[in-house]
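Student:
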Amino acid sequence: MNTDIENLFKDKVLGHPAGLFVLFFTEMWERFSFYGMRVLLVNFLTMAAIGYNPGWEWTVENAGALFGTYAMLLYITPIIGGWLADKYTGYRAAVIIGSLIMTAGHASMALETEFSLYFGLFLLVVGTGFFKPTMTSIISDMYKTHPEKKDGAYTIYYMGVNAGAFFGMMLCGYLAEKVGWAYGFGLAGIFMLLGTIQFWLAGPLFGKIGAKPSKVHEVELPQNINEESVEISTEEKEEPLNPFTTLDKVLIVIASIIGLGYAINDPMSKIAGIDMFSFLQIGDLEGQYTAVLFALGLFLVLVVGRILRYTAVVRDRMIAFIIFAFFTVFFWMSFEQGASSLVIFARDNVDRLLSGSSATIFNIVNTLLTVVPLIIISYVLFILWKKTFKKIPGSNVVLVVCFVLMWGIVGWMLNRDFNTTAYDVSYSAIEQPELDDKGQHVKNDKGELQFKYIPVTQNTVTNASQKIVTKTITVGEPYADYKVGESKILINKDKDLTEFSFVSSKEKEEELIAHAATLGKDTGFINATVTKVRDNEVEITVSWFSILNSFFIIVFASFFSKWWESKYNPSAATKYALGLSIMGLGFGLLAFGAFGLVDGVKVSMIWLILAYLFHTLGELCLSPVGLSYVSKLVPGRMIALMFGMWYLAIAIGNKMAAVVGGQIENITKEYSLSTFFLIFTIVPIAAGLLIFVLNPVLKKLMHGVR
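Quick note on the working numbering: the sequence shown kicks off at 9 and runs consecutively.
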């Protein structure tokens, strides 16, 4: 093994073994695929069934239930996958197995049938279980004899994570929204497959590293944790064994079965109307929540029972760890709105159409944002090619194919946005008064009566009692060359009938007619007339806003890293308080921006950009802290179990995020959009203040661990 490690360090790229950059690109393509699909799913499921880019028109609640279960299981299966890799397959084989399964999952989702969607998500969950825990284990093996370089290695590796997320959400999202959903889902699968092939062909570079199961299980510590700095007290060294009792095992099995049952039952009960826990319903409390509360009670009995069997110091430290895990749930419940409610908000409530100098500025910024990182990563590929082509030519060729494909898509995207022409078009609409729940005509803040306008489609039959008015809207289309006075066909792009697109070709028209016939619905075609030509307009995609998190992480990560290493490094509880509170402020900005919003009115995108900035700053305060304290607070032989418990907390947070985020339509209808965002303002800030107050208690419980 040592010989293989030394051989790896002979071919260096940027001061690190070339093999690290093979892992960098493997993880980059996997994250490209994961985040590329993730940013599309809820948008696709909730998009109007009749429209320019038809979706399935699910409610956000149903889409959230499905996505939440998917996100939850992503943090559960790696526990099993890591064990299988340790014991049977080896790390490299597990990466390839997981990658191939995920590739099949993306391919299945591109088919856009109900079965293929569910099956694809299932394959992605299973594949992630193999892939997720093994990449860091390979890095651990690589740096066994060079521990001083491990922190730098993880920094490079996590840049790959963020680069993949950035480009995946940008390019898959752009293709899906501008061309079709299948193209976005399909692109995610293509890069997943190419990433798998390049990793497999790079095998000779690693020798036996990661090829065989380790005889002794080693727990990998997270980034920026120095193993030598973790002091083990005398009490820990002399800690008596605490084996699982029969009762412990029974409680684990029952709680696990109920938890998994809930994860499956939640979307199944909402989408298919099949509720396995209906017999447990108590009043208005759904049966599945009764079951979850019972399972939570059993889990608490298990945890408390085990903790009480430890000596005082270890017991106190584990209590501190559990407190951190508890607050982690609230953080991810709010942060993961980025995959559900914030996607819906960006689509339906944010003004994404820019014109004139604003469009020019956006296109320039977007070009720099895209091209500069791509140049840097391409340069890394160039160095890797020079160092390793003789050893792994096939892997290098596949990487070049990946980058040629990516440069091609980026060039097409930027050219398309720089050459967008917009048109003012007029069409006929039925004017209807907007009524509240009591049937009263709604007024805005200025006392003006509010109306909603229903477009008159080609198949709409109007009557004399209806008031028909002419509406004028702006429609952005690239490469089109329409003239003032020209008649065109419009079709809606959203469920609220506030955004439209041209049916730009006969082929597209026939495709949409066939789709409408399959659903037995009106095509939704609207006869319109071009009234004005506007140059220099661009419509920002919904998915573009999601890339901001990865961008801000890359920009600010080094600042936070230096802060944590300085004499001003705050305590763990203070970092948690900062993380929760800063993120809550981000939602507070959204609540302020959405205050008083009425139907048809959209907010400036600056509020959403600022929200993502604050969310990222909060993440940088809190996210790296938790895992580091697993290794510091938990007895060595329990680290694996506590890592599992930590990921369980994140899984619960992800599920809660989707369940609560799925209520955005219901809460907005009943109260307001601002009220919805206030939930995620108040809860995290309150949690942040509470853990800050608990700081002295936590310090005492941690017994000197910093």
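C-beta atoms are modelled at their ideal positions from N, C-alpha and C, and glycine is treated no differently.
Applying the criterion that 16 or more other CB atoms from any shown protein chain within 10 Å of the CB defines a buried residue, is F2 buried or exposed?
Tutor: The chain is shown only over 9 to 714; residue 2 falls outside these bounds and no answer can be derived.
Student: How about the region 92–106 and the region 151–159: do they share at least three Cβ pairs that are nearer than 8 Å?
Tutor: no
Student: Tell me whether Y431 sits in a helix, a strand or coil according to DSSP, three-state version.
Tutor: strand
Student: If you reduce the DSSP assignment to three classes, tell me which class I699 lands in.
Tutor: helix
Student: Ordered along the chain, which non-local residues of its own chain (more than five positions away) have a Cβ less than 7 Å from that of L125?
Tutor: Result list for L125: M117, in chain order.
Student: Mark Q440 as exposed unless 16 or more other C-beta atoms lie within 10 angstroms of its C-beta, in which case mark it buried.
Tutor: exposed
Student: Look at G192 and L183 and say whether their C-beta atoms are less than 8 Å apart.
Tutor: A contact, by the Cβ cut-off of 8 Å.
Student: Does the beta-carbon of I383 have 16 or more other beta-carbons within 10 angstroms, so that it is buried, or is it exposed?
Tutor: exposed
Student: Between D425 and F510, what straight-line distance do the alpha-carbon atoms span, to the nearest angstrom?
Tutor: 17 Å
Student: Alpha carbon to alpha carbon, how far is Y78 from S436?
Tutor: 43 Å
Student: Would you tell me roughly how many angstroms separate the C-alpha atoms of F214 and S41, rounded to the nearest one?
Tutor: 24 Å
Student: T539 by DSSP, collapsed to three states: which one?
Tutor: DSSP places T539 in strand when its eight states are reduced to three.
Student: Please classify H623 as buried or exposed, where buried requires at least 16 other C-beta atoms within 10 Å of its C-beta.
Tutor: buried
Student: In terms of DSSP beta bridges, what is A437 paired with?
Tutor: P463 and V477
Student: CB-CB under 6 Å to D444, same chain, minus the five flanking residues each way: which ones, in chain order?
Tutor: Take D444, set aside five residues on each side of it, and the residues of its chain with a beta-carbon closer than 6 Å to its own are V450, in chain order.
Student: What residue does the alpha helix (DSSP H) around E185 start on, and which one ends it?
Tutor: E185 -> alpha helix (DSSP H) spans K158 to K186.
Student: What three-state label does DSSP hand V358 in the structure shown?
Tutor: strand
Student: Do you know whose CA, among L48, W64 and W37, lies nearest K526's CA?
Tutor: According to the sequence as given, residue 526 is Thr; it is not Lys. Checked all of L48, W64 and W37; the closest Cα to T526 is W64.
Student: How about F335 and L625: are their beta carbons less than 8 Å apart?
Tutor: no
Student: Consider the Cβ of L709: report whether some Cβ of chain C lies at a distance smaller than 8 Å.
Tutor: As a matter of chain content, chain C is missing from the structure shown, which is built from one protein chain.
Student: Quick one: residues in its chain with C-beta nearer than 6 Å to the C-beta of P275, no 5 flanking neighbours on either side, listed in chain order?
Tutor: A73, L74 and T77
Student: Are there 16 or more other CB atoms within 10 angstroms of the CB of A619, so buried, or fewer, so exposed?
Tutor: buried
Student: Under 6 Å Cβ to Cβ from S286, same chain only, skipping five residues before and after it: list those, please.
Tutor: G295
Student: Given a cut-off of 8 Å, decide if V68 and I109 are closer than it, judged by their beta-carbon atoms.
Tutor: no
Student: Are G669 and S277 closer than 8 Å when you measure CB to CB?
Tutor: The criterion of a C-beta distance shorter than 8 Å is not satisfied by G669 and S277.
Student: Who pairs with S680 in a beta bridge, going by DSSP?
Tutor: DSSP lists no partner for S680.
Student: Counting only the same chain and skipping the five closest in sequence on each side, list residues whose C-beta sits under 7 Å from that of I614.
Tutor: none
Student: Answer yes or no: do V312 and H711 have a C-beta to C-beta separation smaller than 8 Å?
Tutor: no
Student: Going by DSSP in three states, N674 sits in which element: helix, strand or coil?
Tutor: helix
Student: Determine which residues share a DSSP beta bridge with F510 and list them.
Tutor: Looking at the DSSP assignment, F510 forms a beta bridge with L498.
Student: Which of helix, strand or coil does DSSP assign to K152?
Tutor: It is coil, neither helix nor strand.
Student: Do you know how far the Cα of A173 is from the Cα of V563?
Tutor: 15 Å
Student: Can you tell me the Cα-Cα spacing of V546 and T429, whole angstroms?
Tutor: 8 Å
Student: Can the beta-carbon of M55 be found closer than 8 Å to that of A171?
Tutor: no
Student: Three Cβ pairs or more, each shorter than 8 Å: is that satisfied between the region 582–602 and the region 687–701?
Tutor: yes
Student: Kindly give me the distance between the Cβ atoms of L628 and I561, rounded to whole angstroms, as I take these residues to be in contact under 8 Å.
Tutor: 7 Å
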